[in-house]
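There are 2 protein chains.
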Amino acid sequence: MPKTSQAAGLHRASLAKLHDLDAALELMYYGWRGMTLEADDYLARQGLSRPHHRILYVVARRPDIAIGALIEILGISKQALNRPLNLLLERKLLTSKRSPEQHRSKLLRLTAAGHRIEQRASDHERKVMRQAFERAGASGTAAWMAVMEAIADNN
Amino acid sequence: MPKTSQAAGLHRASLAKLHDLDAALELMYYGWRGMTLEADDYLARQGLSRPHHRILYVVARRPDIAIGALIEILGISKQALNRPLNLLLERKLLTSKRSPEQHRSKLLRLTAAGHRIEQRASDHERKVMRQAFERAGASGTAAWMAVMEAIADNN
DNA sequence: GTTCTCATGTCAACTATATTGACTTGAGAA
DNA sequence: TTCTCAAGTCAATATAGTTGACATGAGAAC
Chain D
1 MPKTSQAAGL HRASLAKLHD LDAALELMYY GWRGMTLEAD DYLARQGLSR
51 PHHRILYVVA RRPDIAIGAL IEILGISKQA LNRPLNLLLE RKLLTSKRSP
101 EQHRSKLLRL TAAGHRIEQR ASDHERKVMR QAFERAGASG TAAWMAVMEA
151 IADNN
Chain R
1 MPKTSQAAGL HRASLAKLHD LDAALELMYY GWRGMTLEAD DYLARQGLSR
51 PHHRILYVVA RRPDIAIGAL IEILGISKQA LNRPLNLLLE RKLLTSKRSP
101 EQHRSKLLRL TAAGHRIEQR ASDHERKVMR QAFERAGASG TAAWMAVMEA
151 IADNN
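Here the protein sequences come in this chain order: D and R.
Residue numbers for the first sequence, in UniProt numbering: 1 to 155.
Residue numbers for the second sequence, in UniProt numbering: 1 to 155.
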């Protein structure tokens with residue numbers, strides 16, 4: 001696990017702008033950093049990191065999800081999922097049980113402790129977003145979401 | 001180097017929303033992915049990846065930057081910079097020379113080939129942003145930037 | 001009832017990106 | 001001549017991911 005994460009390169013560096021859209025590229029970069037910084041620090045103090053949070057986040061929103069479906073959503077291989085998932089099971093932040101009828105797949109659920117950590121980590125991120133949206137007002141928030149959807153759906 | 005990057009977990013996954021701000025968290029995640037996807041594919045075809053692009057991006061905007069200053073801006077350790085930087089020098093995408101007076105530090109510059117790759121990779125990202133901004137109009141763009149600045153500056 | 005399929009689990013080897021710590025080198029300054 | 005400081009290098013470690021190969025165990029098909 002990483003130490004506490006040095007506030008690294010947070011400058012919003014004073015780089016010359018070669019293109020008018022350079023500011024937008026940098027805002028995406030530093031925006032992602034800004035949103036995840038405190039959450040990552042919190043997770044590191046729990047001995048966890050971003051992949052663990054992604055697992056907790058998805059399972060919280062899809063209780064009784066099977067492992068195959070989780071792999072699909074996370075977009076990583078079974079083997080890559082294995083380690084962080086087992087850590088979460090060992091730490092009893094997740095439980096896995098086979099369903100009575102579909103005995104083939106294992107169903108994942110958060111424990112109370114898992115819910116608590118997922119919530120606190122996500123709360124750090126939501127706090128950042130809430131403050132930004134408060135300053136921007138309802139129309140600014142709607143505009144932000146519209147732009148982000150256009151960017152996200154650029155597949 | 002990674003292969004071609006499987007379009008992984010691109011679902012904009014249909015997860016139940018536990019909080020009203022969950023959509024915003026997911027938009028940040030998929031937005032970052034959407035912006036960087038094509039650029040990363042292009043870079044992978046050149047045998048490069050995101051850290052190499054970050055180096056090229058910064059040096060393009062700060063010609064004659066010293067290695068220490070670059071480390072500062074990137075927020076990584078000297079040792080972590082070493083490998084990708086040496087690759088870029090070997091490939092002659094960067095040049096390093098000592099300055100006449102300040103002979104202690106090395107000054108980095110892009111070669112023509114380095115400029116070309118930096119530009120093409122960044123162009124993929126700018127293209128995504130430009131399309132999103134065109135749909136959103138000038139006021140939507142301004143609102144997006146204001147929100148992102150608030151998020152980024154949450155340090 | 002044996003065989004086929006399929007979800008899951010696990011082992012090994014590899015790559016990439018990062019870290020810290022300990023050192024060297026070489027130039028400039030005191 | 002010694003001290004400082006930027007840069008370079010080596011080793012060990014952690015994390016996050018990959019592919020390939022193979023085991024297990026349950027359900028379904030024949």
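Beta carbons: idealized from backbone N, C-alpha and C, even for Gly.
Does residue i come out as helix, strand or coil in the three-state DSSP assignment?
| i | result |
| --- | --- |
| Ile65/R | strand |
| Ser14/R | coil |
| Gln79/D | helix |
| His19/R | coil |
| Asp153/R | coil |
| Arg50/D | helix |
| Gly34/R | helix |
| Arg130/R | helix |
| Arg135/R | helix |
| Arg116/R | helix |
| Arg104/D | coil |
| Met1/R | Low confidence applies here, because Met1/R scores a pLDDT of 36, under 50, leaving its location unreliable; read the following figure in that light. Reduced to three states, the DSSP call for Met1/R is coil. |
| Trp144/R | helix |
For residue i, write down the residues that DSSP places opposite it in a beta bridge.
| i | result |
| --- | --- |
| residue 156/R | No answer is possible for residue 156/R: the residues shown for chain R start at 1 and end at 155. |
Which value, in whole angstroms, describes the spacing of the CA atoms of residue i and residue j?
| i | j | result |
| --- | --- | --- |
| Leu110/D | Ala24/R | 22 Å |
| residue 166/R | Ala112/D | Since the first and last residues shown for chain R are 1 and 155, residue 166/R lies out of range. |
| Arg98/D | Ala44/R | 40 Å |
| Arg19/R | Ser122/D | One point to set straight first is that residue 19/R is His, not Arg, in the sequence displayed. So the two alpha carbons sit approximately 10 Å from each other. |
| Ala7/D | Gly75/R | Bear in mind that the predicted position of Ala7/D carries a pLDDT of just 39, short of 50, making it unreliable; the figure below should be weighed with that in mind. Ala7/D and Gly75/R: Cα-Cα distance of roughly 8 Å. |
| Met35/D | Trp144/R | 15 Å |
| Ala152/R | Glu38/R | 23 Å |
| Pro2/R | Asp41/R | Low confidence applies here, because Pro2/R scores a pLDDT of 35, under 50, leaving its location unreliable; read the following figure in that light. C-alpha separation (whole angstroms): 9 Å. |
| Leu48/D | Gln119/D | 14 Å |
| Glu125/D | Arg104/R | 43 Å |
| residue 201/D | Val147/D | It is not possible to answer for residue 201/D, since the shown part of chain D is limited to 1 through 155. |
| Ala132/R | Ala136/D | 19 Å |
| Arg91/R | Ile55/R | 14 Å |
| Thr95/D | Leu27/R | 28 Å |
| Val59/D | Asp22/R | 14 Å |
| Ala69/R | His115/D | 42 Å |
| Ala142/D | Asn82/R | 43 Å |
| Ala80/R | Pro51/D | 21 Å |
| Val128/D | Tyr57/D | 17 Å |
| Ile71/R | Glu149/D | 33 Å |
| Leu108/D | Lys17/R | 18 Å |
| Ile117/D | Lys106/R | 46 Å |
| Lys78/R | Ala66/R | 12 Å |
| Ser5/R | His53/R | Any reading at Ser5/R is ruled out, since the residue's pLDDT is 35, under 50, leaving its predicted position unreliable. |
| Ser139/D | Tyr29/R | 22 Å |
| Arg62/D | Ile73/D | 11 Å |
| Arg33/D | Gly31/R | 13 Å |
| Arg130/D | Glu134/R | 26 Å |
| Ser14/D | Asp64/R | 15 Å |
| Ala46/R | Gln46/D | The sequence given here places Gln at residue 46/R; Ala does not occur at that position. So the alpha carbons of these two residues sit roughly 38 Å apart. |
| Asn154/D | Leu93/D | 35 Å |
> Residues in the segment 21-53 of chain R with C-beta within 9 Å of chain D's C-beta atoms, listed in sequence order?
Replying inline: Leu21, Asp22, Ala23, Ala24, Leu25, Glu26, Leu27, Met28, Tyr29, Tyr30, Gly31, Trp32, Arg33, Gly34, Met35, Thr36, Leu37, Glu38
> Of the residues that make up the segment 108-140 of chain D, which ones have a beta carbon closer than 8 Å to any beta carbon in chain R?
Replying inline: Ser122, Glu125, Arg126, Val128, Met129, Arg130, Gln131, Ala132, Phe133, Arg135, Ala136, Ser139, Gly140
>> To be precise: take each residue of the segment 55-68 of chain R, compare its Cβ to all Cβ atoms of chain D, and keep it if any distance is under 7 Å. Which residues remain?
In response: Those residues of the segment 55-68 of chain R that come within reach of chain D (Cβ to Cβ, closer than 7 Å) are Val58, Ala60, Arg61, Arg62.
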